[in-house]
Amino acid sequence: MKKADLILLCSLLALSLLALTFLVWHVGDTGEVAVVTVNGEEIARLSLKEDTELTIEGYNGGSNHLVIRDGDAFLTDASCPDKICVHTGKADPLRSIVCAPNRVVITIESE
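First residue of the sequence shown? That's 59 in the numbering used here, and the numbers climb one at a time after it.
Here it is, written out as structure tokens:
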């Protein structure tokens, strides 16, 4: 391998890393949304960029209180007896929040 080939290879590698960094930081800025479904029907799509609160009317009169704060989505209260959904913590792209008694599911998706 000649010196010019090595310089070209290093330049291409540096350019590729720069492009990847740009894609991760800027193209990924399309945002994430919390998708709220009740009994399999989507009822809301809420941006994680905006702090908000929503009372979700669940199946058979149940309810859940969703809070979006600082880019995180989580439940603070639920009418279900065990409140596993409240103790689940923050939703993320790999972990949804599910309230089985109220048939409420909160997932995180990219826009």
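By construction, the Cβ of each residue, glycine as well, lies at the ideal position given by its N, Cα and C atoms. All values reported here derive from a predicted model rather than from experimental measurement.
Given residue i as reference, the closest of the options once Cα atoms are compared
i	options	result
Ile101	Glu169, Val162, Ser168 and Asp140	Val162
Leu104	Glu90, Asp140 and Gly116	Glu90
Glu136	Leu73, Pro159 and Thr110	The sequence given here has Ala at residue 136, not Glu. Ranking the options by Cα distance to Ala136, first place goes to Pro159.
Thr95	Ile114, Arg153, Lys148 and Ile65	Ile114
Glu169	Val93, Arg127, Lys61 and Cys138	Val93
Asp140	Arg153, Lys61, Asn122 and Arg127	Asn122
Cys138	Glu108, Cys157 and Ala77	Cys157
Local Cβ density within 10 Å of residue i, reported as buried at 16 or more and exposed below that
i	result
Thr67	The sequence given here places Leu at residue 67; Thr does not occur at that position. Flag for Leu67 reads exposed.
Gly129	exposed
Asn97	exposed
Gly119	exposed
Leu106	buried
Ala72	exposed
Neighbourhood of residue i by C-beta, 6 Å cutoff - its chain only, sequence neighbours within 5 removed
i	result
Thr146	Ile155
Simplified DSSP assignment, three categories, for residue i
i	result
Cys138	coil
Asn118	helix
Asp63	helix
Contact set for residue i: own chain, Cβ-Cβ below 7 Å, skip 5 residues either direction
i	result
Val125	Glu111, Phe132 and Thr134
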